[in-house]
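Remarks on the structure that follows.
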Ligand code: SF4
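Residue numbers (the numbering used here): 531 to 928.
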């Protein structure tokens, strides 16, 4: 019997089922190989091998795995991502894994891209959580979506990304490989769909399913043109359109592309705002925070939402809590659209209903007092409001 462990689920909890584990389960199911999803205090000694996957590098692997022979554990996922320098060691470990599983590393690989996931893998877990009072809305991704990649790879080589060692996009699964007709919606994990030379036929295929779909990773707004904007906007798209605005150096280009995009849709458009990368000192911190707000100002001017995504490096500075407060404000549209960051901080203090300074206000004041020379810019950004920044003339058609 093989065991399957989703380390992200057991450490931080996650709303996303792990695709590779569902495909692995599908592979076992199709070959009548016994397997079980481990998510509680199971007797782990009964498994001949345990497959563990994690998406995030900071995820802690469950301690019950310490009790078994490490040679019985097969690890995978981007959370085990290795830098190029360690690739040799990684490949050696992979070969060792293949040998332990008595698989020939030189066999032509069964192509996991075309493996239908076992969408029932999390059923027991989800039913238990809902039975124990958890909100069923939190488990929609487990229950109502077919999940897959139509393409993989990216052209950008961003230094902070697991795709940095590749500079092209290739076709991966077909829709038939992962779409389960009983599931009403589709979501896709493609890294940079719009950079694919086949974006158009693939988008037509998606539209032909007649199921609402969504790209979860954020589409590359820099690659939007009139044709892409028109086709995407006319699609049966699930939820908000999500793009990425990761780096301030792209401001001019993104400004130009948002002008195109906004002419085609009135639907909510959200852009991921990557930040916190390589924070080491005051200089890197203040620059990053100013650039983050500069991007937020662009988004507000186009009537778009922002979503702050922090790299783990943000923790390196003692004033790192400023990122937490900005994310609490920016990532919740009811605050972002109704109040400035400063008003949000004041509201936090009001909510605590004591004379002691709350963490939000303390963080805010500490940050301002640490950077008095930047007070004019910071005061501008911290008092900026959505309603007075939005400028529909930017995307007016004539
Ligand atoms: S554009 Fe996105 S997917 Fe591509 S390398 Fe940069 S962060 Fe990664």
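Where a beta carbon is used, it is the ideal one built from N, C-alpha and C, also for glycine.
> Who are the Cβ neighbours of residue 736 in its own chain at under 6 Å, not counting the five residues just before and after it?
Replying inline: Here residue 736 is taken as the residue at index 206 of the chain shown, counted from 1. Counting only Cβ-Cβ distances below 6 Å, and skipping sequence neighbours, we find 743.
>> By alpha-carbon positions, which one of 585, 740 and 668 ends up nearest to residue 716?
In response: Numbered from its first residue, the chain shown carries residue 716 at position 186. For the residues 585, 740 and 668, the minimum Cα distance to residue 716 belongs to 740.
> Which value, in whole angstroms, describes the spacing of the CA atoms of residue 599 and residue 610?
Replying inline: Numbered from its first residue, the chain shown carries residue 599 at position 69. Numbered from its first residue, the chain shown carries residue 610 at position 80. Roughly 19 Å separates the two Cα atoms.
> Counting along the chain, where does the alpha helix (DSSP H) carrying residue 805 start and finish?
Replying inline: Counting from 1 along the chain shown, the entry for residue 805 is found at position 275. Element bounds for residue 805: not the alpha helix (DSSP H) but the beta strand (DSSP E), 799-805.
>> Quick check on residue 739: does DSSP put it in helix, strand or coil?
In response: Taking the first residue of the chain shown as 1, we reach residue 739 at position 209. Coil at residue 739, not helix or strand.
> What's the gap between the Cα of residue 584 and the Cα of residue 661?
Replying inline: Counted from its first residue, the chain shown places residue 584 at position 54. Counted from its first residue, the chain shown places residue 661 at position 131. Each residue's alpha carbon lies about 26 Å from the other.
> Which residues does DSSP pair with residue 536 in a beta bridge?
Replying inline: Indexing the chain shown from 1 puts residue 536 at position 6. DSSP lists 583 as partners of residue 536.
> Is residue 722 near the ligand SF4, judged by its Cβ being under 6 Å from some heavy atom?
Replying inline: One-based indexing of the chain shown puts residue 722 at position 192. At least one heavy atom of the ligand SF4 is nearer than 6 Å to the Cβ of residue 722, so yes.
>> Distance check for residue 920 and residue 830, CA to CA, integer angstroms please.
In response: The residue labelled residue 830 in the question sits at position 300 within the chain shown. The residue labelled residue 920 in the question sits at position 390 within the chain shown. So the alpha carbons of these two residues sit roughly 5 Å apart.
>> From the DSSP secondary-structure annotation, give me the bridge partner or partners of residue 914.
In response: Here residue 914 corresponds to residue number 384 of the chain shown, with the count starting at 1. None; residue 914 has no bridge partner.
> Just how far apart, CA to CA, sit residue 687 and residue 822?
Replying inline: As a first step, residue 687 is located in the chain shown; it is residue number 157 there, counting from the start. As a first step, residue 822 is located in the chain shown; it is residue number 292 there, counting from the start. Near 21 Å, if we compare the C-alpha coordinates of residue 822 and residue 687.
> Residues bridged to residue 566 by DSSP?
Replying inline: Sequence index remark: in the chain shown, residue 566 carries index 36 (1-based). The partner list for residue 566 (beta bridge, DSSP) reads 533.
>> Is residue 955 near the ligand SF4 - that is, is its Cβ less than 6 Å away from at least one heavy atom of it?
In response: The chain is shown from 531 up to 928; residue 955 falls before or after that span and cannot be answered.
> Looking at residue 740 and the ligand SF4, is the gap between the Cβ and the nearest heavy atom below 6 Å?
Replying inline: Residue 740 sits at position 210 when you count from the first residue of the chain shown. Flag unset: Cβ of residue 740 not near the ligand SF4.
>> Using CA atoms only, rank isn't needed, just tell me which of 571, 767 and 771 is closest to residue 791.
In response: The residue you call residue 791 lines up with position 261 of the chain shown. Answer by Cα proximity: 771.
>> Just to confirm, is the Cβ distance from residue 552 to residue 651 under 7 Å?
In response: For the purposes of this step, residue 552 is taken as residue 22 along the chain shown, with counting starting at 1. For the purposes of this step, residue 651 is taken as residue 121 along the chain shown, with counting starting at 1. Yes; because the gap between Cβ atoms is below 7 Å, this pair is in contact.
> Do residue 899 and residue 875 have their C-beta atoms within less than 7 Å of each other?
Replying inline: In the chain shown, counting from the first residue as 1, residue 899 sits at position 369. In the chain shown, counting from the first residue as 1, residue 875 sits at position 345. 7 Å or more divides the Cβ of residue 899 from the Cβ of residue 875.
>> My output table needs one value for residue 480: the three-state DSSP class, helix, strand or coil.
In response: This structure cannot settle anything about residue 480, because the visible part of the chain is limited to 531 through 928.
> alpha helix (DSSP H) containing residue 601: first to last residue?
Replying inline: Counted from its first residue, the chain shown places residue 601 at position 71. Careful: residue 601 lies outside any alpha helix (DSSP H) and carries neither H nor E.
>> Output needed for residue 666: all residues of its chain with C-beta closer than 7 Å, excluding positions within five of it in sequence on either side, in chain order.
In response: For the purposes of this step, residue 666 is taken as the residue at position 136 of the chain shown. Same-chain partners within the cutoff: 660.
> Whose C-alpha, out of 645, 672 and 654, is nearest the C-alpha of residue 680?
Replying inline: Position 150 of the chain shown, counted from the first residue, corresponds to residue 680. Of the candidates 645, 672 and 654, the one whose C-alpha sits nearest the C-alpha of residue 680 is 645.
> Hey, out of 562, 592, 588 and 560, whose CA is closest to residue 568's CA?
Replying inline: As a first step, residue 568 must be located in the chain shown, where it is residue number 38. Nearest Cα to residue 568 within the set 562, 592, 588 and 560: 592.
> How many angstroms separate the CA atom of residue 746 from the CA atom of residue 708?
Replying inline: As a first step, residue 746 must be located in the chain shown, where it is residue number 216. As a first step, residue 708 must be located in the chain shown, where it is residue number 178. Distance between the alpha carbons of residue 746 and residue 708: 16 Å.
>> Tell me whether residue 805, by its Cβ, gets closer than 6 Å to a heavy atom of the ligand SF4.
In response: The sequence position of residue 805 within the chain shown is 275, counting from 1. Relative to the non-hydrogen atoms of the ligand SF4, the Cβ of residue 805 never comes closer than 6 Å to any of them.
> Can you pull the DSSP bridge partners for residue 701?
Replying inline: Translated into positions along the chain shown, residue 701 becomes position 171. Bridge partners of residue 701: 681.
>> Quick check on the burial criterion: 16 or more other C-beta atoms within 10 angstroms. Buried or exposed for residue 796?
In response: On the chain shown, residue 796 is found 266 positions in, with the first residue counted as 1. With fewer than 16 other Cβ atoms within 10 Å, it is exposed.
> residue 715 bridges to which residues according to DSSP?
Replying inline: Taking the first residue of the chain shown as 1, we reach residue 715 at position 185. Paired residues: 675.
> Should residue 809 and residue 844 be called a contact, given that it needs their Cβ atoms to be closer than 7 Å?
Replying inline: Looking up residue 809 in the chain shown gives position 279. Looking up residue 844 in the chain shown gives position 314. Yes. Within cutoff.
>> Comparing C-alpha positions only, which one of 604, 656, 581 and 641 sits nearest to residue 547?
In response: As a position in the chain shown, residue 547 is number 17, starting the count at 1. Nearest C-alpha to residue 547 among 604, 656, 581 and 641: 656.
> By the 10 Å Cβ neighbour count, where 16 or more other Cβ atoms means buried, how is residue 722 classified, buried or exposed?
Replying inline: Translated into positions along the chain shown, residue 722 becomes position 192. Answer is buried; the Cβ neighbour count reaches 16.
>> Suppose the cutoff is 6 Å on Cβ atoms and the five residues either side in sequence are ignored; what does the same chain contact list for residue 815 look like?
In response: As a first step, residue 815 must be located in the chain shown, where it is residue number 285. Same-chain partners within the cutoff: 809 and 847.
>> Give me the residue from 828, 570, 842 and 671 with the minimum Cα distance to residue 540.
In response: Along the chain shown, one-based indexing puts residue 540 at 10. Among 828, 570, 842 and 671, the Cα nearest to that of residue 540 is on 570.
> Counting only runs that start and end within the segment 837-868, where is the alpha helix (DSSP H) found for 4 or more residues in a row?
Replying inline: Counting only unbroken stretches of 4 or more residues, the alpha helix (DSSP H) elements lying wholly within the segment 837-868 are 851-860 and 863-866, in sequence order.
>> To the nearest angstrom, how far is the alpha carbon of residue 558 from that of residue 643?
In response: Counting from 1 along the chain shown, the entry for residue 558 is found at position 28. Counting from 1 along the chain shown, the entry for residue 643 is found at position 113. Straight-line Cα distance between these residues: approximately 15 Å.
> Leaving out five residues before and five after residue 528 in sequence, what residues of the same chain have Cβ atoms less than 7 Å from its Cβ?
Replying inline: Summary: the structure shown does not reach residue 528, with the chain confined to residues 531 through 928, and so no result is reported for it.
> For the ligand SF4, is there a heavy atom less than 6 Å away from the beta-carbon of residue 688?
Replying inline: Stepping through the chain shown from its first residue, residue 688 is reached at position 158. A heavy atom of the ligand SF4 is found nearer than 6 Å to the CB of residue 688.
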